[in-house]
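Student:
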Amino acid sequence: VDVLPRKALLLAATTSAPVRVVDRLDAVGEPRRRAGANGQLRFIYDLHQNMVGRIRVKIRAARGALIQVRYAERLDEHGELHTANLRSAAAPDFYTCSGAKDGEVFEPRFALRGFQFVEISGKVDVNAIESVTGIVIGSALPLIGEFQCDHALLNQLQHNIQWSQRGSFIDIPMDCP
């Protein structure tokens, strides 16, 4: 019995622009310190720009130290992560430190998130966290035009449009990053 179609099927590589790291955003200012469970501290870092991508944390901690990383697009009125919009999708990352003498890097590569604020908690102090960087991901699309005028609000609107488009074009355009 002939189960294969008579017409040959051709496989072709995607013609979409490649997904790449398109920018890096370092956390700005000192992290906000918050009390956590079991006497642990929580540190909230601000990347100063809502972005789509992943986080890169350089840390120097004891072997077996467990850290939790949570994400939010904004803070609530008490300066805490606003996560009500996530409903039941808490989506934290967990990382167990190896205790490497020279420090180590945690950078999850299999999930993207939309965020501006990052909360790191666990059995570490603020000195253990050497750097927090947002790794902005997007399709490597060429910039084919630009807009600038003498009206600050219109320039900000254009900036917001470009960041929204960058976050919404990751291989397949989506309506909400």
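Sequential numbering from 4 applies to the sequence shown in this note's numbering. From the three backbone atoms N, C-alpha and C, an ideal C-beta is built for every residue, glycine too.
Report yes or no: do the segment 160 to 173 and the segment 128 to 143 share at least 3 C-beta pairs separated by less than 8 Å?
Tutor: In this structure the segment 160 to 173 touches the segment 128 to 143; the number of beta carbon pairs closer than 8 Å is three or more.
Student: For residue 154, name the three-state secondary structure that DSSP assigns.
Tutor: coil
Student: Counting pairs of beta carbons, one from the segment 18 to 26 and one from the segment 93 to 110, are three or more of them closer than 8 Å?
Tutor: no
Student: Check whether the Cβ atoms of residue 137 and residue 64 sit closer than 9 Å, and answer yes or no.
Tutor: no
Student: Spatial neighbours of residue 2 within its chain, please: CB distance less than 7 Å, with the 5 preceding and 5 following residues excluded, ordered by chain position.
Tutor: Here the chain covers residues 4 to 180 and nothing more, so residue 2 does not appear.
Student: The beta strand (DSSP E) spanning residue 132 covers which residue range?
Tutor: 132 to 142
Student: Taking the beta strand (DSSP E) that residue 54 falls in, what are its first and last residues?
Tutor: It spans 44 to 62 - the beta strand (DSSP E) in which residue 54 sits, taken as one unbroken run.
Student: If you check the beta carbons only, do residue 11 and residue 135 fall under 9 Å apart?
Tutor: no
Student: Go through its chain and collect everything with a Cβ distance to residue 116's Cβ below 6 Å, but skip five positions before and after it.
Tutor: Same-chain partners within the cutoff: 74.
Student: If we count the other Cβ atoms within 10 Å of its Cβ and call it buried at 16 or more, is residue 152 buried or exposed?
Tutor: exposed
Student: Residue 124 by DSSP, collapsed to three states: which one?
Tutor: strand
Student: Residue 35 bridges to which residues according to DSSP?
Tutor: Answer is 47, bridged to residue 35.
Student: If you run the structure through DSSP and keep just helix, strand and coil, what is residue 170?
Tutor: helix
Student: So, at 6 Å on beta carbons, what are the nonlocal neighbours of residue 100 in its own chain, with the 5 sequence-adjacent residues on each side left out?
Tutor: Closer than 6 Å at Cβ, skipping near neighbours: 64, 68.
Student: Using beta-carbon positions only, say whether residue 28 and residue 50 come within less than 9 Å of one another.
Tutor: yes
Student: Which two residues bound the contiguous beta strand (DSSP E) that contains residue 86?
Tutor: Per DSSP, residue 86 belongs to no beta strand (DSSP E) and is neither H nor E.
Student: Taking all protein chains shown into account, do 16 or more other C-beta atoms lie within 10 angstroms of the C-beta of residue 131, making it buried, or fewer, making it exposed?
Tutor: It counts as buried.
Student: Is residue 47 closer than 9 Å to residue 2 when the C-beta atoms are compared?
Tutor: Outside the displayed range of the chain (4 to 180) lies residue 2, so it cannot be described from this structure.
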